[in-house]
Every structure is written in C-alpha cells, then in structure tokens.
Amino acid sequence: MTFLDALNPAQRRAVEFFEPRPLVVVAGPGTGKTRVLSHKIAYLIKEKGVAPKEILAITFTNFAANEMRDRIESLVQESPLCTTFHAWAYTLIREVLGEEAPFIIDELDALALFKEAIKLSGLKSAGSARQLFKEIGLIRQSYPPKRSEDWGKRSLFLFYQALLSRHRVVDFDELMLLALSLLKDESLLKTIRKRWPHVLVDEFQDVNGVQVALLERLSPKYLTLIGDPDQSIYAFRGSDPRALERFVSTHPDAEVITLETAYRCHGEVLGCAASLLSDKSASKKALKAEKGHGPKVEIRGFPGPREEARWIARTIESLTGALSFEAINFSGNVPTEDGAFSLGDVAILTRTRSSVNAIKEALSRAGIPFLETYGHTLAQDRCLRSFIRLISISRGENPAFHKRRLEEEAHMGPNEIDECLRAISKGELKEVLRKIGGDPEDALYRAFLKQVTTTNITGAMPLELGSDVDLLGVRLDAVHLMTIHGAKGLEFPVVFIPRCESGMIPIEGGDEEEERRLFYVAITRAVTRLYITYSSASGGKSPFLERFPEGLYLEEFIKSKKKAPRRPKGPRQGSLF
DNA sequence: GTGGAGAAGATTTTT
DNA sequence: TCTTCTCCAC
75 MTFLDALNPA
85 QRRAVEFFEP
95 RPLVVVAGPG
105 TGKTRVLSHK
115 IAYLIKEKGV
125 APKEILAITF
135 TNFAANEMRD
145 RIESLVQESP
155 LCTTFHAWAY
165 TLIREVLGEE
175 APFIIDELDA
185 LALFKEAIKL
195 SGLKSAGSAR
205 QLFKEIGLIR
215 QSYPPKRSED
225 WGKRSLFLFY
235 QALLSRHRVV
245 DFDELMLLAL
255 SLLKDESLLK
265 TIRKRWPHVL
275 VDEFQDVNGV
285 QVALLERLSP
295 KYLTLIGDPD
305 QSIYAFRGSD
315 PRALERFVST
325 HPDAEVITLE
335 TAYRCHGEVL
345 GCAASLLSDK
355 SASKKALKAE
365 KGHGPKVEIR
375 GFPGPREEAR
385 WIARTIESLT
395 GALSFEAINF
405 SGNVPTEDGA
415 FSLGDVAILT
425 RTRSSVNAIK
435 EALSRAGIPF
445 LETYGHTLAQ
455 DRCLRSFIRL
465 ISISRGENPA
475 FHKRRLEEEA
485 HMGPNEIDEC
495 LRAISKGELK
505 EVLRKIGGDP
515 EDALYRAFLK
525 QVTTTNITGA
535 MPLELGSDVD
545 LLGVRLDAVH
555 LMTIHGAKGL
565 EFPVVFIPRC
575 ESGMIPIEGG
585 DEEEERRLFY
595 VAITRAVTRL
605 YITYSSASGG
615 KSPFLERFPE
625 GLYLEEFIKS
635 KKKAPRRPKG
645 PRQGSLF
C-alpha cells in the first residue's frame with residue numbers, strides 16, 4: 075500500500091512517467107490536476123531519489139504556488155521550489171545582475187510611464203493610452219516577437235523602453251523578456267539546466283508566448299506540462315488555447331496522457347458543459363463523470379434583474395436553511411431543501427464585476443452575508459500606494475522613481491516626503507499613514523501595517539503584494555461573489571450563474587470561442603447544484619443555453635407575482651440604491 | 001495648485 | 001450608469 079494507490083490508472087501513469095522527454099497531461103475540470111502534480115513530485119522524491127532542490131514547480135499565481143507546496147508537504151516532508159513564472163524570472167535576474175538588477179513596477183506605474191512616453195514621442199495617439207498599452211502588451215507577450223506594422227507604435231514603444239531603462243525598472247512583461255535574454259548566455263543556461271533537471275508547469279493553457287519560449291530555452295531533461303485547452307480564458311493577456319497542441323506538434327517525442335475521469339461534477343453538469351466545447355476538443359466525449367447522475371441543471375428566467383436577484387437570495391436561504399421572515403412570505407417558486415448547505419458552499423459567478431450589483435442588494439436585504447473576492451490588489455488603493463512608495467524609498471528600493479511618482483501622483487512636495495521618511499525611520503508608521511490621508515484603524519490598513527512590520531518585503535514588492543482578501547485572511551461563512559475568471563481552479567457545492575444573457579454571456583464584442591470556454595469554466599465549478607439564471611429585460615436568454623442537451627436541465631420562466639414594474643427604459647443595470 | 005465642469009471610456013486578471 | 005481624465009479659470 076503506497077500513496078500511489080489513491081490514484082486512478084491514468085493519473086498513476088502520469089505520476090510514474092519517468093523518461094527524459096516531455097510529458098503533457100491534459101486534465102479537464104475536476105480530473106485531479108493538482109493531485110497528479112503533487113503526487114508526481116512526491117513520487118520523484120520518495121521513489122526516484124530526486125533531491126527536492128532539483129525540482130522546479132511553476133504556477134501562475136502565488137495562491138496556486140502555496141497550495142501546491144502544502145499538498146506536497148502533506149505527502150513528503152520536504153518541498154521543492156514552488157514559484158510563479160514571474161517570481162522565478164526575477165530571482166534569476168537578481169542572481170545574474172545582482173545590484174544592477176532593475177526594479178519591478180506594477181501595471182499602474184507602467185501605464186503612467188507609457189503615458190509619459192506618448193507625450194515625449196509627440197505622436198498623436200489613435201485611441202486611449204490604456205488601449206494602446208494593452209495592444210503593445212499583447213505584442214510583447216507573443217513569441218517569436220511580432221513586429222507592429224505601425225511605425226508610430228513602434229517608435230512609441232521605443233520611447234517607453236527608454237523610459238524604463240532610464241528609471242532602471244521593468245514591467246511584468248519586460249521582466250519575462252529580460253529573463254529570456256539572459257538565458258541566451260550558454261554557460262548560464264547550462265548552470266540552470268543542471269540545477270533543475272525536473273520542471274513541472276501547471277495551467278499550461280495560460281502561458282503566453284514568451285513563457286513558452288522561456289521553457290523551450292530551458293528545455294529541462296524532465297519536463298511535465300499540465301493543463302486543459304478548454305479552460306483557456308486568458309487570451310486577452312496573451313495566452314493561446316492552442317499552446318498545448320502546438321507544443322505536442324513541435325515535440326513529437328512528447329508523451330501525452332489525458333485524464334478522463336472527472337470527480338468534481340456529475341453527468342448532467344458535464345453534459346451541459348461539453349455542449350459548449352468545439353467538436354475537436356478532446357474532453358468533449360472523453361470526460362466521464364465518476365459520480366454518475368445528479369440533480370439536473372436548473373435554468374430560470376425572470377422579467378428583470380431584480381426579480382432574478384430576489385429569487386437567488388431566496389433560493390440561497392432555502393438551500394442553507396437561513397430562512398428570514400421575508401422569505402416565508404415570498405411567493406416565488408423556490409426549491410425547498412432546508413439547511414442542506416452552508417453559506418460558504420455557495421458561489422455566485424458573474425461575467426463582469428458590475429453585473430453583481432442587483433444581487434448584492436438582494437442579499438443585503440435578506441441579511442445573507444457575502445464575501446466579494448475580486449482580484450483587487452492592495453496597490454490599487456491610492457493611499458496605500460503612496461505608503462508603499464514611502465516604505466520602498468526608506469529601504470532604498472528604487473527611491474528616485476518612487477519620489478518622482480509621489481510628486482506626480484500624490485502631489486507631495488519634497489519636504490512633505492522627507493517628513494514622512496523621518497517618521498518612518500522612527501517607526502511611526504501610523505502617523506505617516508494618517509498624514510497621507512489614511513485611517514490606520516481601518517481593517518485593511520491595520521492588516522497591511524502588521525504585514526509591513528512582521529515580514530520583510532524585499533525588492534520585488536509588486537510581485538508579493540496579494541489581494542486585500544488574502545491579507546485580511548477572511549474566513550467567513552459567507553456566500554462567495556466572484557467573477558468567472560476569479561473562480562478558475564476552485565469548486566463549490568452550489569453555483570449560481572446569473573445574468574446569463576446575450577450581450578453578457580457571451581459578452582458583446584467578445585470572441586465566441588473564448589466566451590464558450592469561459593462559460594465552460596463557470597459551469598464546471600459546480601459540485602452538486604447548478605443554477606443558471608437570466609432576465610428577459612436585458613438581452614434575453616444566452617444562446618449558449620440553447621446548446622444544452624435535452625434531459626439534462628430543467629427550465630422555467632418565473633413571472634413576477636406582483637404587477638410588473640414599469641420599466642420604460644431599455645436594458646438597465648441594477649444599482650445599489 | 002486646486003477645483004469644477006465636461007468629455008470620454010467602459011469586459012475579464014495575475015504577476 | 002459610473003468613474004476617471006483633461007482642461008481651463010481662478
């Protein structure tokens with residue numbers, strides 16, 4: 075009896091594959107992707123005598139890296155380097171360039187510099203700076219490097235790069251490009267290859283061109299790529315659903331293992347999900363629901379978003395047994411299943427952040443606690459941003475750049491900055507925070523102050539700042555509100571997908587295939603219950619729902635019992651008040 | 001440099 | 001519909 079006995083045959087083959095050629099694992103939703111990765115690493119250490127320091131596990135997010143580390147440590151006591159592409163690249167850069175290494179700036183600072191570049195170049199920009207920056211970003215994330223045909227854009231980008239190097243900073247994209255160019259040095263490459271003969275990459279469908287190039291350059295002796303092309307939902311930041319396919323076609327020696335048993339979702343959910351995939355997709359027929367059948371997917375239509383939101387709130391009350399007085403008087407058709415789930419089991423997934431407003435209002439009214447977990451990074455808070463700059467200056471991390479940004483962004487004078495710096499050196503952090511307009515008693519700032527004083531955030535601040543949710547360590551029994559993108563990699567016993575209307579899912583102007591994959595990801599988060607709702611007032615039922623196979627879902631249109639509210643204006647978004 | 005008015009945008013997100 | 005930027009007057 076070993077730890078490998080817990081694996082199914084395909085998982086086990088992937089774990090035990092030990093040959094000096096690439097292994098590609100195609101892992102659909104709920105097929106045990108993280109399980110395979112963590113067991114594979116444990117297997118290398120335990121059974122193959124590989125030293126943990128010879129293993130490099132690369133993920134996309136800090137969250138995933140931490141999860142991976144925990145999973146491995148529960149199997150073997152030691153753990154290898156589990157890191158993100160960006161953090162790994164920066165470590166490499168520091169190792170090679172030492173004190174000469176540039177500092178990392180985040181997206182907001184990058185955009186500010188880009189705007190400066192627009193001014194310097196004197197070019198009349200077509201479109202907004204933001205849009206242009208995004209466009210150039212996509213070019214920089216592709217590899218081999220695409221060249222913009224537009225002469226103006228090219229020279230604009232040269233101005234931007236000049237600004238970056240003048241300030242000795244790199245943005246996240248340049249960070250990857252710099253690492254790639256450093257690895258052109260053969261002796262360095264040799265050292266790195268020797269150091270990590272085993273490299274494992276999670277969520278390979280999310281890599282961008284430069285990251286693929288980096289891996290190709292590295293070409294470790296033992297490479298494992300794991301991913302699912304059907305869950306590729308980051309084309310807007312340079313990833314390509316065909317990355318796995320392309321890798322396999324350029325590496326004919328690669329072993330491909332497809333995990334076909336899905337443990338998370340039952341047959342009804344998987345059947346509806348499969349209807350969204352293109353016929354070429356491997357998962358379309360392959361995925362088998364280990365659980366067999368379960369409840370049907372429920373589709374509900376409403377006259378407007380408010381009725382929809384109210385119904386969702388009532389249904390949550392009913393599912394969790396959190397019945398309020400109001401609920402008892404509610405006349406809508408709500409499933410009765412008192413107390414089968416806890417509030418934390420429930421997730422509401424939306425395409426955009428703003429489309430959740432009506433639901434927030436309905437939940438508040440019903441007294442249902444909820445937690446919004448959007449990828450809201452700390453550094454988006456104006457005041458915290460200035461505070462972080464002051465801390466950076468006091469640590470000698472890119473002081474000139476941050477001083478300049480403080481003057482331009484927060485309109486602080488040199489004297490004011492010096493005053494704050496003196497206060498920091500005396501340890502009066504709260505005073506400083508107050509001075510720049512923050513409230514040190516605010517929970518977010520308190521948590522941040524604690525982090526600053528207890529941990530030593532080094533050079534790569536933008537890499538290490540998490541979200542406010544991470545920082546506050548919120549663990550509440552509350553309904554989760556998040557975007558579909560944010561829910562990737564997670565699962566919930568009960569999932570609601572509201573506003574499933576054309577124009578929203580798929581979103582207007584979006585790429586149909588990518589929107590289908592996105593909806594596929596949303597649906598496959600559901601472990602037990604899946605409710606998909608729409609309102610006819612805004613856009614009407616999503617065309618994606620028409621694809622669902624007969625017999626796997628129940629559909630009902632719920633008319634308001636009250637007089638239909640007068641709504642002469644067309645589509646409307648619910649607002650909070 | 002501050003403040004108000006008016007215009008221009010506007011998915012999705014991690015590092 | 002709400003937010004953010006820009007420009008102009010003070």
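Residue numbers (this note's numbering): 75 to 651.
Idealized CB from N, CA, C, for every residue including glycine.
Inspect the beta-carbon positions of residue 594 and residue 336 and report whether they are closer than 9 Å. no
Leaving out five residues before and five after residue 350 in sequence, what residues of the same chain have Cβ atoms less than 8 Å from its Cβ? Here the set comprises 590, 591, 593, 594, 597, 618 and 621.
Can you give the Cα-Cα distance for residue 16 and residue 109, rounded to whole angstroms? Residue coverage of the chain in this structure runs from 75 to 651, which leaves residue 16 outside it and unanswerable.
Selected residue, minimal CA-CA separation from residue 155, among 116, 180 and 385: Ranking 116, 180 and 385 by Cα distance to residue 155 puts 116 first.
Spell out the partners DSSP gives residue 605 in its beta bridges. Note: residue 605 sits in a beta bridge opposite 372 and 570.
Within its chain, find whatever has a CB closer than 6 Å to the CB of residue 93; leave out the 5 residues flanking it on each side and keep chain order. none
Confirm, please, whether the CB-CB distance from residue 538 to residue 136 is below 9 Å. Less than 9 Å divides the Cβ of residue 136 from the Cβ of residue 538.
DSSP beta-bridge partners of residue 313: 282
Relative to the C-alpha of residue 244, which residue among 225, 263, 221 and 214 is closest? Across the set 225, 263, 221 and 214, the C-alpha of 214 shows the shortest separation from the C-alpha of residue 244.
Are the Cβ atoms of residue 26 and residue 235 separated by less than 9 Å? The chain is shown only over 75 to 651; residue 26 falls outside these bounds and no answer can be derived.
CA-CA distance, residue 473 and residue 467? The alpha-carbon separation between residue 473 and residue 467 amounts to approximately 4 Å.
Determine contact between the segment 376-392 and the segment 424-438, defined as no fewer than three beta-carbon pairs at a distance below 8 Å. yes
Could you check whether residue 356 and residue 315 sit closer than 9 Å to each other, using their CB atoms as the reference points? Result no, Cβ atoms of residue 315 and residue 356 do not sit closer than 9 Å.
Are the CB atoms of residue 313 and residue 276 within a distance shorter than 9 Å? no
Thinking just about the alpha-carbon of each residue, which of 600, 527, 489 and 191 is nearest to the one in residue 469? It is 527 whose Cα lies nearest to the Cα of residue 469.
Could you check what DSSP says for residue 296 in three-state terms: helix, strand or coil? strand
In the structure shown, what three-state DSSP assignment does residue 92 receive? coil
Can you tell me whether DSSP reads residue 321 as helix, strand or coil? helix
Looking only at its own chain, which residues have a Cβ that is under 6 Å from the Cβ of residue 166, when we skip the five neighbours before and after it? 253
Comparing C-alpha positions only, which one of 272, 330 and 79 sits nearest to residue 122? 272
Which word fits residue 391, buried or exposed, when buried means at least 16 other C-beta atoms lie within 10 angstroms of its C-beta? buried
Would you list the residues sitting across from residue 561 in a DSSP beta bridge? In DSSP, residue 561 forms no bridge with anything.
Just to confirm the assignment, what range does the alpha helix (DSSP H) spanning residue 181 have? 181-195
With the cut-off set at 9 Å, would you say residue 170 and residue 289 are in Cβ contact? no
Rounded to the nearest angstrom, how far is the Cβ of residue 373 from that of residue 629, given a contact under 8 Å? That belief holds up - the Cβ atoms of residue 373 and residue 629 are roughly 4 Å apart, short of 8 Å.
Considering only their Cβ atoms, is the gap separating residue 448 from residue 332 smaller than 9 Å? no
Buried or exposed: which applies to residue 441, given that a residue is buried once 16 or more other Cβ atoms fall within 10 Å of its Cβ? exposed
For residue 88 and residue 524, I'd like the C-alpha separation in whole angstroms. 43 Å
What separation, rounded to the nearest whole angstrom, lies between the Cα atoms of residue 179 and residue 194? In a straight line, the C-alpha of residue 179 is about 20 Å away from that of residue 194.
Under a three-way DSSP split, which group does residue 156 fall into? strand
CA-to-CA distance, residue 133 to residue 294, given in whole angstroms: Straight-line Cα distance between these residues: approximately 16 Å.
Boundaries of the beta strand (DSSP E) in which residue 34 is found, first to last residue: Nothing can be reported for residue 34, as the shown portion of the chain is limited to 75 through 651.
Let's test the definition: count the other Cβ atoms within 10 Å of the Cβ of residue 410 and tell me whether it reaches 16, buried, or not, exposed. Residue placement at residue 410 is flagged as unreliable, the pLDDT there being 48, under the threshold of 50; a coordinate-derived value is accordingly withheld.
Relative to the C-alpha of residue 414, which residue among 550, 602 and 579 is closest? 602
Start and end residues, alpha helix (DSSP H) containing residue 134: Premise fails: residue 134 is in no alpha helix (DSSP H) and is neither H nor E.
Let me check one thing: in DSSP terms, what residues is residue 424 bridge-paired to? When beta bridges are read from the DSSP output, residue 424 appears opposite 557.
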